[in-house]
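In the working numbering, the protein residues as written are 122 to 214.
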């Protein structure tokens, strides 16, 4: 946990999670997969996005970490076009 870049590299979801939490280990995989482990609580969850969307995976994982109280990671829930225009937002109820 002292060297988060070993897990994912620069600008990667798993690296961001490890850097911004205490005792949370994360590793993304191919096909929209991510496993997150709370080392202190000995608990874990897995996210699998069927269409392999990295943005959907990011939103679902960060939202779940925040909701479980494992960390407080800010994330952008806006949906943008390739040109950057906001066309909607993702809301989980």
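Cβ atoms here follow ideal geometry from the backbone N, Cα and C, with glycine treated the same way.
Could you have a look at residue 203 and say whether DSSP puts it in helix, strand or coil?
coil
Write down the C-beta distance between residue 194 and residue 211 rounded to the nearest angstrom, noting that I regard them as a contact closer than 8 Å.
Residue 194 to residue 211, Cβ: 15 Å. No contact.
Does residue 166 come out as helix, strand or coil in the three-state DSSP assignment?
strand
From residue 130 to residue 214, what distance separates their C-alpha atoms?
Straight through space, the alpha carbons of residue 214 and residue 130 are spaced by roughly 32 Å.
Would you list the residues sitting across from residue 148 in a DSSP beta bridge?
156
How big is the Cα-Cα spacing for residue 159 and residue 182?
13 Å
Below 8 Å, can you find three or more Cβ-Cβ pairs linking the stretch 174-181 to the stretch 144-161?
yes
Rounded C-beta distance between residue 192 and residue 142? I'm assuming under 8 Å.
Sure, about 4 Å apart at Cβ, within 8 Å.
Ends of the alpha helix (DSSP H) at residue 184?
175-189
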